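Numbering-wise, the sequence shown is residues 1 to 296 according to full-length UniProt numbering. Where is the CB? At the ideal position from N, CA and C, for every residue including glycine. A quick note: this is a predicted structure, and the numbers were derived from the prediction, not measured.
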Amino acid sequence: MSAQLDRRHFLRLAGVGVGAVFASGLSGCTAWATAPSRDFHFVQLSDTHWGYAGAANPEAKTTLARAVAEVNALPMPPDFIVFTGDLTHTTDDPQERRKRLREFKAIVADLKVQDIHFLPGEHDASLDQGAAFQEFFGPTHYSFDHKGVHFIALDNVSDPAARLGEAQLAWLAQDLSGLDKEAPIVVFTHRPLFDLAPQWDWATRDGSQVLAQLMPHAHVTVFYGHIHQEHHHQSAHIAHHAATSLIFPLPAPGSQPSRAPIPWDAAQPFRGLGWRDVQRHGAGDYALDQHGVKGA
1 MSAQLDRRHF
11 LRLAGVGVGA
21 VFASGLSGCT
31 AWATAPSRDF
41 HFVQLSDTHW
51 GYAGAANPEA
61 KTTLARAVAE
71 VNALPMPPDF
81 IVFTGDLTHT
91 TDDPQERRKR
101 LREFKAIVAD
111 LKVQDIHFLP
121 GEHDASLDQG
131 AAFQEFFGPT
141 HYSFDHKGVH
151 FIALDNVSDP
161 AARLGEAQLA
171 WLAQDLSGLD
181 KEAPIVVFTH
191 RPLFDLAPQW
201 DWATRDGSQV
211 LAQLMPHAHV
221 TVFYGHIHQE
231 HHHQSAHIAH
241 HAATSLIFPL
251 PAPGSQPSRA
261 PIPWDAAQPF
271 RGLGWRDVQR
281 HGAGDYALDQ
291 HGVKGA
């Protein structure tokens with residue numbers, strides 16, 4: 001591990017052990033564990049909220065561009081990049097919504113990676129059931145495979161009631177039906193699939209049904225956004241990892257009466273903002289490398 005990585009918050013996920021908090025490795029499987037190593041890494045960015053204007057981030061018009069530049073400066077380009085929702089800040093005006101989506105898309109076009117995956121957040125999609133998002137980025141839920149890992153993007157935001165809904169649950173069941181139970185699976189979503197803080201809308205109404213479908217699969221990891229902070233949780237063998245945002249941090253779940261943004265600190269600009277590099281090693285160990293947004 002490089003000295004640069006040592007200085008950052010570095011988290012290895014290497015299977016289940018005594019007292020382990022996370023279970024994202026594949027060390028316990030057979031056929032998949034003996035498969036040839038297929039190392040890769042991807043970058044997760046989340047909650048950019050393009051179009052936000054307010055005291056919680058006076059640098060709102062520059063933060064996304066800073067993150068793009070930092071990702072482009074990685075010594076090894078990621079295999080792909082994923083944005084896990086709330087690309088733009090909410091607006092009741094359909095024309096303004098599309099303007100913000102268009103501007104966001106133009107900014108991230110500067111990323112030096114061709115393979116970019118987008119998920120909507122409720123700020124992008126809940127007021128029009130994802131119609132504008134789909135005009136710019138295509139389907140709100142989908143799956144793809146990369147170097148032996150099956151990736152699933154779920155939409156728990158286009159429904160204003162914070163559900164996937166029966167049609168998408170049926171699609172998920174069909175998508176999973178063709179997989180070996182030992183196959184490594186990574187799920188991307190915006191809201192958490194477990195009840196983190198339902199009073200703050202930090203939950204998915206039918207998330208328990210999603211987890212029930214995923215539970216028979218031995219190696220599942222979930223990456224999500226929405227809560228604007230790093231957070232880690234375990235549902236049996238399924239590990240859940242929340243991402244920091246690129247607009248403003250939010251308080252720890254249930255730590256105060258409301259989820260109001262943590263005030264901007266001019267002495268520590270960009271504190272609590274960032275993105276992550278997810279590295280897969282060998283037969284399936286993951287490492288999360290957290291990057292904070294840098295100042296000028």
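**Q.** Coil, strand or helix - D289 by DSSP
**A.** What you label residue 289 is simply residue 289 of the sequence shown in a count that begins at 1. It is a strand residue.
(Q) Which runs of the alpha helix (DSSP H) at least 4 residues long sit entirely within the region 42–72? Give them in chain order. (A) 60–72, all fully within the region 42–72.
Q | Check whether R218 and E166 have beta carbons under 8 Å apart | A | As a first step, residue 218 is located in the sequence shown; it is residue number 218 there, counting from the start. As a first step, residue 166 is located in the sequence shown; it is residue number 166 there, counting from the start. Contrary to the premise, residue 218 reads as Ala rather than Arg in this sequence. Remark: C-beta atoms of A218 and E166 do not approach each other more closely than 8 Å.
Q. How long is the line joining the alpha carbons of H190 and H241, rounded to whole angstroms?
A. Numbered from 1 along the sequence shown, position 190 holds the residue referred to as residue 190. Numbered from 1 along the sequence shown, position 241 holds the residue referred to as residue 241. As the crow flies, the alpha-carbon of H190 is around 11 Å from that of H241.
Q) Who pairs with H237 in a beta bridge, going by DSSP? A) In the sequence shown, counting from the first residue as 1, residue 237 sits at position 237. H237 is not bridged to any residue.
Q: Ignoring anything shorter than 4 residues or poking outside the region 194–280, list the alpha helix (DSSP H) runs there in chain order.
A: Whole alpha helix (DSSP H) segments, 4+ residues: 207–214.
Q: Could you check if P216 is buried or exposed, using at least 16 other CB atoms within 10 Å of its CB as the buried criterion?
A: Residue numbering aside, residue 216 sits at position 216 when the sequence shown is read from its first letter. In this structure P216 is exposed. Its beta-carbon is surrounded by fewer than 16 other beta-carbon atoms within 10 angstroms.
Q: Could you spell out the range, first to last residue, of the beta strand (DSSP E) harbouring V187?
A: Along the sequence shown, read from residue 1 onward, the residue named residue 187 stands at position 187. Start and end: 184–188.
Q) DSSP three-state call for V108: helix, strand or coil? A) Residue 108 sits at position 108 when you count from the first residue of the sequence shown. Of the three classes helix, strand and coil, the one that applies to V108 here is helix, per DSSP.
**Q.** Distance, H123 Cα to A203 Cα
**A.** Your numbering for residue 203 matches position 203 in the sequence shown. Your numbering for residue 123 matches position 123 in the sequence shown. C-alpha separation (whole angstroms): 15 Å.
Q. So F270 and S235 are in contact, right, with Cβ under 8 Å, and what is the actual spacing, rounded?
A. Here residue 270 refers to the residue found at position 270 when the sequence shown is read from its first residue. Here residue 235 refers to the residue found at position 235 when the sequence shown is read from its first residue. No, F270 and S235 are not in contact; Cβ-Cβ is about 32 Å, not under 8 Å.
Q: Might you give, ordered along the chain, the residues of its own chain that have their beta carbon closer than 8 Å to the beta carbon of I238, omitting 5 neighbours on each side?
A: Translated into the one-based positions of the sequence shown, residue 238 becomes position 238. Excluding sequence neighbours, I238 sits near A23, L211, L214, M215, V220, T221, V222.
Q) Where does A167 fall in DSSP's three states? A) Here residue 167 refers to the residue found at position 167 of the sequence shown. Helix, per DSSP.
Q.
I need the DSSP call for H123, collapsed to helix, strand or coil.
A. By one-based count along the sequence shown, residue 123 stands at place 123. It is helical.
Q. If you draw a straight line from the C-alpha of V278 to the C-alpha of L87, how long is it?
A. Taking the first residue of the sequence shown as 1, we reach residue 278 at position 278. Taking the first residue of the sequence shown as 1, we reach residue 87 at position 87. About 20 Å.
Q: Would you mind reading off the limits of the alpha helix (DSSP H) that contains A131?
A: Against the sequence shown, residue 131 aligns to sequence position 131. Counting along the chain, the alpha helix (DSSP H) containing A131 begins and ends at 131–137.
Q) With respect to the beta strand (DSSP E) encompassing T84, which residues constitute its N-terminal and C-terminal limits? A) Here residue 84 refers to the residue found at position 84 when the sequence shown is read from its first residue. Here the beta strand (DSSP E) through T84 covers 80–84.
Q.
Just to confirm, is the Cβ distance from A60 to I247 under 8 Å?
A. Working through the sequence shown from its first residue, we reach residue 60 at position 60. Working through the sequence shown from its first residue, we reach residue 247 at position 247. When the beta-carbon positions are compared, A60 and I247 come within less than 8 Å of each other.
Q: Tell me whether H150 is buried or exposed, calling it buried when 16 or more other Cβ atoms sit within 10 Å of its Cβ.
A: Here residue 150 is taken as the residue at index 150 of the sequence shown, counted from 1. Label assigned to H150: buried.
**Q.** Closest by C-alpha distance to P94, when choosing among G130, P77, L172, T62
**A.** Position 94 of the sequence shown, counted from the first residue, corresponds to residue 94. Of G130, P77, L172, T62, the smallest CA-CA separation from P94 is found for G130.
Q: Taking E135 as the reference, give the member of S255, D115, R97, V108 with the closest Cα.
A: Locating residue 135 in the sequence shown gives position 135, where the first residue counts as 1. Measuring from the Cα of E135, the nearest candidate turns out to be R97.
Q.
Can you tell me whether A161 is helix, strand or coil according to DSSP?
A. Within the sequence shown, residue 161 is the residue found at index 161, counting from 1. DSSP, read as helix, strand or coil, puts A161 in coil.
**Q.** For D115, the first and last residue of its enclosing beta strand (DSSP E)
**A.** Taking the first residue of the sequence shown as 1, we reach residue 115 at position 115. In the DSSP assignment, D115 falls outside any beta strand (DSSP E) and carries neither an H nor an E.
Q) How about V68 and V108: are their beta carbons less than 8 Å apart? A) Reading the sequence shown from its first residue, position 68 is the one you call residue 68. Reading the sequence shown from its first residue, position 108 is the one you call residue 108. Annotated as proximal: V68 and V108, with beta-carbon spacing under 8 Å.
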